[in-house]
Structures are given as C-alpha cells and as structure tokens.
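The opening residue of the sequence shown carries number 453 in my numbering; numbering runs sequentially from there.
So the structure is just underneath, and the comments pick up after that.
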Amino acid sequence: MNLVFLDASTLDRRDIDFSQLEKEGTLTLHPTTAPAETCSRVADAEVIISNKVPVTAEVLDAAPRLRLVVSAATGVNQIDLDACRDRKIGVANVAGYSTESVAQHTFSLILELATRTITYSSKVRQDWPASPIFTRLDHPTFELAGKTLGIVGLGTIGRAVARIASAFGMKVIAYAREGSSADESIPRIREGDFFSQADIVSLHCPLTPETQHFMNAARISAMKPGALLINTSRGPLIEDAALSDALRSGQLGGAGLDVLAVEPPPADHPLLEEGIPNLLITPHTAWSTREARSRLLEGIIANIRSYKAGENLNRIV
C-alpha cells in the first residue's frame, strides 16, 4: 500500500518516529506540498495523509488508486468531502489527541493577559539599572480567583479548560445553546446573561455555518467592559473587524488567539495591524506539543490499520 504524507513537517520537527507508520506500506514523506505539486505526488497513492494541503476533486481524480484520505488533524475542512463520497473514497480524522495541550495553551493566553509576564520580562532588560525601583505598575494585572470564565463549547477541550479554571478558583459557566444537555457541575447560561456575567469568554466550539462569526459585533458589545476573549478553536468563529474595533476602543480588556480566519494570514489582515492593544496571537500552535503530536501519529496509524481490516474507525466518509 502506497502512503503519501503531503505535509509531514506540520507533525514532525525531527522528534517523531515514523517507523510504525512505515510498517503499514510504502511511505513517502513530503515536508510541504505546494498546490501545483499535489496532483503529481498522489498519482500512485492509495492513502493520502494531509494536515493542511487541500485535497480537492482535482487531486482525487489525479489519484486513481486512492482509497482513503486521513486528516492529520481533527478538522477536515482541507478535504472535499462531497467529492470523496462521490468517488467512494474514505475519509478519517483524529479526534481527542490534543485536548490537554489546547487546554494548557488556552490558559497560557489567559495568564499572560492577566499577569503580563512577557511584557514585564522585556522591561527588565530595557529599564534597569536606569530605574531606581525594581518594580513596575504601568501594565495592570489581575487575579483569576473569583473571576467568571464563560466557555462556549463544552466538549472535551472545554471541560479540560473548566477543570484548570476551577483550580485557579474561578467560577465556570457554559453558553447554553438550543438543545444542549444539562450539566450539574457547570451551569449553562442563556446568551444575554452569559455575556454579561463572564469576565473571560473562551471559545471551544466547532466551526459550522451556525457558528461562523459567532462572536460578531453584537455579541462582543454584549460582553462585560474590559473582558477578555480567547479563541483556540477556529478562526472564523470571530468577526475580525469587530474584535479589532473593540480592542482599539478599550471595550475589551484583551484577546488571545491561536487561530485566524485565514491561515497563513494575508499582510493586510485586520488583526495584524499596528496599534491594537492587548492582543496576543500565536501561530496555531496550541495542539503542537510533542505528546500531542505523538498521539496524532498513533491515531493516523490506527485509522489506516482500521481501513485495512475493513473497519470504520474515525470515519467521516
């Protein structure tokens, strides 16, 4: 079986062992693949593995032997699912591999906005020994204990974030969408009260037509003055221009993002402009700990073995 990994560098920084994957067939690892290269690289593939490289109908037609596409991620938005269905090509993803890593990253953004650790660390080299007093108060900080964390999307990652928040002495509430089940430990709050109560709103819901631009100008304006907005889920959940305006005006106290609506972002992306205060952006790295990447590779291998055994583990199509 010919296996082609189109963008292996998204998984490996020379610290991942691919030997178990190599046992499943003849493996070709491409660090990256440009759109113009994809069709030629999959010509003999029976299994395509892709994290970000688009697997379009054109790519599928260029791979007559193709039987399975494995997303090296939980999301499958890089794969044309309808085209796979039409051609009876299976699609599988890997869920749950990065729960603890994403929850940890979520809180690293929250903690930086609350404590300004990086900001103050840079000032040590800039300001001393010129300043006679070894302390600064020019960037306000606050305690998390007693604050309310509002979680949108109470799945496995949302619950992991809630667990960490509880350890900091925070109150945790969840956004109550229509049809959501009751939870005795975390109260679900209807929209109006949810945004008025939460000191920090953290997004952990999937991207669907209903959740695209979920945090629009109206919902952002409904947040507490000075509240924080965190997104380690999907970039299009936030309306970028509305967030930029709310940060510039001081309506929001800050935002921490690990995802953007377009990745890589264009040079004129509204959230990359100069002068936006209290905005942290990391380049979609919340999932990328070595432990998570090792679990991801294990999930890819399990999906391929399942397909070979005639089973449907993690099948989307």
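No residue lacks a Cβ here, since even glycine has one placed at the ideal position from N, Cα and C.
Predicted, not measured: the structure shown is a model, and the values here were computed from it.
Boundaries of the alpha helix (DSSP H) in which residue i is found, first to last residue
i, result
"F559", "T551 to T567"
"V528", "Premise fails: V528 is in no alpha helix (DSSP H) and is neither H nor E."
"L589", "No alpha helix (DSSP H) contains L589, which DSSP labels as neither H nor E."
"I672", "A669 to A674"
"I752", "R742 to K760"
"L512", "A509 to D513"
"E489", "P487 to R493"
Cβ-based burial, residue i [other Cβ within 10 Å; buried from 16]
i, result
"N529", "exposed"
"V576", "exposed"
"H591", "exposed"
"V456", "buried"
"K540", "exposed"
"I585", "exposed"
"D645", "exposed"
"G706", "buried"
"E691", "buried"
"I672", "buried"
"V714", "exposed"
"T660", "exposed"
"D710", "buried"
"S696", "buried"
"L589", "exposed"
"R745", "buried"
Residue range of the unbroken beta strand (DSSP E) whose run includes residue i
i, result
"N683", "L680 to N683"
"N454", "N454 to F457"
"G708", "G706 to L709"
Nearest-angstrom beta carbon gap, residue j and residue i [assumed within contact, 8 Å]
i, j, result
"V613", "T558", "5 Å"
"S423", "L655", "Nothing about residue 423 can be reported from this structure: the residues present for the chain run from 453 to 769 only."
"A679", "I652", "6 Å"
"G602", "I638", "Not a contact, Cβ separation roughly 10 Å."
"A460", "L481", "4 Å"
"I728", "L699", "5 Å"
"V511", "T490", "5 Å"
"M675", "L704", "7 Å"
"T551", "T608", "5 Å"
"E476", "M453", "7 Å"
"G708", "L565", "6 Å"
"V507", "I468", "The Cβ separation is near 22 Å, so there is no contact."
"R767", "V494", "No, R767 and V494 are not in contact; Cβ-Cβ is about 20 Å, not under 8 Å."
"L518", "A497", "6 Å"
"L479", "F470", "7 Å"
"I501", "A524", "6 Å"
Closer than 7 Å: residue i CB and nearest the ligand NAP heavy atom
i, result
"I500", "This structure lacks the ligand NAP, and indeed carries no ligand of any kind."
Three-state class that DSSP yields for residue i in the structure shown
i, result
"V576", "helix"
"R767", "strand"
"L449", "In this structure the chain extends from 453 to 769, so residue 449 is not present and cannot be described."
"L695", "helix"
"I690", "strand"
"I728", "coil"
"I468", "coil"
"T660", "coil"
"G702", "coil"
"V505", "coil"
"P722", "helix"
"D534", "helix"
"A612", "helix"
"E595", "coil"
"A738", "coil"
"F646", "helix"
"L473", "helix"
"A547", "coil"
One or two residues paired with residue i in a DSSP bridge
i, result
"L520", "V499 and G542"
"S654", "I603 and I682"
"K623", "T600"
"I641", "Y627"
"A480", "Sequence inspection shows Thr at residue 480; the Ala mentioned does not correspond to that position. In the DSSP output, where bridge partners are listed per residue, T480 has V456."
"I733", "L709"
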